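**Student:** Below is the structure I would like to discuss, written out as structure tokens.
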Amino acid sequence: MSSIKQPAWAPPVPIQPEPVLKIYNSLTRTKTEFIPKSGRSVKWYNCGPTVYDASHMGHARNYVTQDVLRRIMEDYFGYDVQFVMNITDIDDKIIKRARQNHLLEKFRADTKLLDANLVSQVYTAWRAFLRNEVAVGLPSDERALFTENDGELDSQFSQIAELIQNNKEWKQECLKRDEKFDMNFTSANRTLSAVRHAESSLKAGSTSQEEAHKLIDDSQDILVLFLDEQYKSTVTDPSLSHNLASYWEKRFFDDMRRLHVRDPDTLTRVTEYMPEIITFVEKIIGNGYAYESGGSVYFDTKAFDEAPGHDYAKLEPWSKGKRDDAMVAGEGAGAPSQNNITRHSSSDFALWKATKPGEPSWDSPWGKGRPGWHIECSVMASAVLGENMDVHSGGIDLAFPHHDNEMAQSEAYHDCPTWVNYFVHTGHLHIEGLKMSKSLKNFITIDEILQKYTARQIRLAFLTQLWNAKVDFSESLMAGEVRNVESTLNNFFTNVKALVSQARDSGVTSDGYHHYEAAEKELVEKFHQSQHSFRAALCDSFNTPEALDVLRELVSRTNTYLNSRGKAVNVGVVENNARWVAKMLRMFGLGEGGSSEIGWGQESSAEGGAVDREEILMPYLRALSTFRDGVRRLAIDKGDSALKDILALCDKLRDEELIPLGVALDDQEDGKALLKLAPPSELLKARDEKRAIALAKQAKKEAAKEAERLKRLERLAKGRVDPKEIFRPPNVKEGLYGSYDGNGVPMTDGEGKELSKSARKKLGKERETQVKLHEEYLTSL
Ligand SMILES: [Zn+2]
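Here full-length UniProt numbering is used: the first residue of the sequence shown is 1, the next is one more, and so on.
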């Protein structure tokens, strides 16, 4: 071991400390540091929808925003989130809607023809509707007339119709009294016209089922209330509610997926947790925080609030005892006055509700009934996540009483001081400055909004606002800021992609210059600053508007750099910036298609599978563009003599450029190529085989030619001898022949014996052949 030691090392001192995640917590009404209970795992419960109708913009605001928060936690901060969400599949609204649908369908099916009895039933329903619903918005003296003089309802209604038409102020006053006034009046008007139409049909002797169904369809809003009032106690089949809820649950998730909202990790349905709910309620009673009364069970808010270590209404202590619409809605419209008699305090709320006529019910130790609304979330969240969770989320409307009651129930059950550590509430949604409601006629379903805007545009609209602030969804927001951000980013990605693909196409070649000057250093520094500011914005309680601004600012700086550097641009630096911006946009859930491309992908309007047009088309376009460049250059440089080169270029496009892209151009006799798409590997194989055959043919031709050449050479060598000399030495053995004729053909052999006639003839032929060969030889010289 050497005695020489390493010099002392000092840990670095950060010049810019890492920001810490803080979340606006409704339990403190401040931004508090986020501290998960167990390492990086985060238990998260989100209140899901009550499924009885189409999902609308309010759902989009709520669930898209929560999806953004969840994605930031999972994909940016890297927490291991378990996201649990419930579906309320049994509730007053579901029961009522299912029952009414059923009664109306049955009534319609049972009606076989139009008669006076049917018309009279609808007319009675219409009168009841005027007294019960339309009258709510009327000034008190008119309301009195409405409810007293049954015989004159028709003439009073036409007076009201006239006032609505001609007196705007009067109508405004009515709307102030009841925001549904206009909607109710419209329903009443439509029904009255339908009744009048049916009466004249009857007079004309028309009693068809078609006429009868027309009357039912045109008056259904009003008729259904009448039928429900009369027959509701006859409907108790639980499958009606179940079927309605399953239908709308599926529609809800279809809509969420179209909005790119991630599915929950765990989904819970109330009707699947009845045994757990009953056990939960029993334990709360056992712990002394609930009591049974008349078949229902109520939470004892006073006992709970007074117990040491417990507080009732932690989110909105100032709302304690307030029994507003939400409180009543949470327990069911039923008969609150009757409930009030049996509960100890007006702020006590139902954990279990005794059954009422016309409702499905479950057996319990307190008789037949069903759970209250608040208890479901306490039970299901506890069943999945245990006695404490890191995050609980929901719309701000749910804070009181729903979430306060949820917390009280769970803390009463677990006898723990804190059931939820961070309560996050998404802000309200307004449409063009007004609360969205059917009566204000600004009610927009998700289906409708997706016909007008893309999922990306809707998400961008929410990202430009704080998650816990009120969002005003307006035409000007969509056409202004959202379109702006979208087109700025699209242009940026298109430019960078073109630059990068051009650079890649020209291969890795150095121009002997590093392209890393002051401008590049500055841009890279800006990039790192942006990354820091982006993190700081998200740490500041998920400040997405600020985070988006950081991305826009970096894009703008990169654009400035591109414009100022011209040909000297450092493509790598620009590509890095673009890739990071795209990654962050995708992290927010704004991406489409594969994430390997530079950018956030193309949104496809067609159903099913976004297609990256750019990625598919660019290689083809580049091949054609290169071809065109070549043709142009030839035409410019060579003029008419370029014809052969142009044909070679055409072959190069066919064999070298398009085949590797899976495009075959088969040249036909008529001069038009047959265009085919096929896997590149197949085309390459076919091309190479064709080439090999052509090469073999060529080689054979070459070989034949060579053989021919050798043969000729041999002939020429032979032809060198003069025909007169071929039978004389050295071309024949010495002394073979004795004498010759004038052409050099032997006449006698070496011993002077005359040659036979046939031998002389044969030699004469040989001489003739040699004459030809010699002539050939002489011409080749
Ligand atoms: Zn809930």
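The beta-carbon is built from N, C-alpha and C at its ideal position, and this holds for glycine as well.
The structure presented is a predicted model; accordingly, all values stated were derived computationally and were not measured.
(1) So the candidates are Arg483, Phe588, Thr558 and Val122; which of them puts its Cα closest to the Cα of alanine 519?
(2) How should glycine 750 be labelled, buried or exposed, when 16 other C-beta atoms within 10 angstroms of its C-beta is the threshold for buried?
(3) If contact is defined by three or more beta carbon pairs under 8 Å, each pair taking one atom from either stretch, is the stretch 368-385 in contact with the stretch 278-285?
(4) Just the C-alpha distance for glutamate 553 and asparagine 570, rounded to the nearest angstrom, thanks.
(5) Tell me which residues share the same chain as glutamine 668 and place their Cβ nearer than 7 Å to its Cβ, disregarding the 5 neighbours each side in the sequence.
(6) For glycine 178, which residues in the same chain have their Cβ closer than 7 Å to its Cβ, ignoring the five residues on either side in sequence?
(7) Within its chain, find whatever has a CB closer than 7 Å to the CB of leucine 450; leave out the 5 residues flanking it on each side and keep chain order.
(8) Is it buried or exposed, glutamine 230, if we count other Cβ atoms within 10 angstroms and call 16 or more buried?
(9) Can you list the residues near ligand 1, meaning Cβ strictly closer than 5 Å to any non-hydrogen atom, in the order they appear in the chain?
(10) Curious, which full-length alpha helix (DSSP H) runs of at least 4 residues does the stretch 388-434 contain?
(11) Are the beta-carbon atoms of glutamate 249 and arginine 262 separated by less than 9 Å?
(12) Quick one: what does DSSP say aspartate 472 is sitting in, helix, strand or coil?
(13) Can you list, in chain order, the stretches of the alpha helix (DSSP H) that have 4 or more residues and sit fully within the stretch 571-656?
(14) Quick one: what's got a C-beta closer than 8 Å to lysine 435's C-beta in the same chain, skipping five residues either side?
(15) Round the Cβ separation of residue 783 and valine 51 to the nearest angstrom and send it over; I've been treating them as touching at under 8 Å.
(16) Less than 9 Å between the beta carbons of leucine 653 and phenylalanine 627, yes or no?
(17) Okay, do the stretch 192-208 and the stretch 94-104 touch, 3+ Cβ pairs below 8 Å being the bar?
(18) Checking 9 Å against the spacing of the C-beta atoms, do glutamate 152 and alanine 188 come in under that value?
(19) Looking at the strands, I want to know which residues DSSP matches up with alanine 664.
(20) Please check the pair valine 84 and tryptophan 44, which I expect to be a contact at CB under 8 Å, by giving their CB distance rounded to whole angstroms.
(21) Out of curiosity, what's the CA-to-CA distance linking lysine 521 and proline 36?
(22) Assign threonine 544 to buried or exposed, taking buried as 16 or more other Cβ atoms, counted over all protein chains shown, within 10 Å of its Cβ.
(23) What three-state label does DSSP hand glutamine 82 in the structure shown?
(24) Please go through the same chain and pick out, in chain order, the residues whose beta-carbon is closer than 7 Å to the beta-carbon of arginine 715, but skip the five residues on each side of it.
(25) CB glutamine 66 to CB asparagine 46, shorter than 9 Å?
(26) Fully enclosed by the stretch 168-225, which beta strand (DSSP E) runs are 3 residues long or longer?
(27) To test your reading of the DSSP string, which unbroken alpha helix (DSSP H) runs of 4 or more residues are found completely within the stretch 518-576?
(28) When burial is assigned at 16 or more other CB atoms within 10 Å of the CB, is alanine 696 buried or exposed?
(29) Can you say whether tyrosine 513 is buried or exposed, counting buried as having 16 or more other CB atoms within 10 angstroms of its CB?
(30) Measure the alpha-carbon distance for valine 555 versus lysine 497 and round it to whole angstroms.
(31) So, is lysine 705 buried or exposed, given that buried needs 16 or more other C-beta atoms within 10 angstroms?
(32) Report the CB separation of threonine 464 from leucine 548 in whole angstroms; it is logged as a contact under 8 Å.
(33) Would the stretch 287-303 and the stretch 66-80 be scored as touching if the rule is three or more Cβ pairs under 8 Å?
(34) With DSSP collapsed to three states, give me the class of proline 336.
(35) From which residue to which residue does the beta strand (DSSP E) around leucine 267 run?
**Tutor:** In short, the structure shows the following:
(1) Thr558
(2) exposed
(3) yes
(4) 19 Å
(5) Leu674
(6) Here residue 178 turns out to be aspartate, not glycine, going by the sequence shown. So the list reads Val136 and Gly137, once near-sequence residues are dropped.
(7) Arg258
(8) exposed
(9) Cys47 and Cys377
(10) 404-414
(11) no
(12) strand
(13) 571-587, 613-638 and 643-652
(14) His428
(15) For the chain, the structure presents residues 1 to 781; residue 783 sits outside this window and is missing.
(16) yes
(17) no
(18) no
(19) Lys676
(20) 7 Å
(21) 39 Å
(22) buried
(23) strand
(24) Leu773 and Glu776
(25) yes
(26) none
(27) 518-539 and 544-565
(28) exposed
(29) exposed
(30) 14 Å
(31) exposed
(32) 6 Å
(33) no
(34) Its pLDDT being 42, under 50, proline 336 is placed unreliably in this model, and the value from its coordinates should be taken loosely. Three-state DSSP puts proline 336 in a helix.
(35) 266-269
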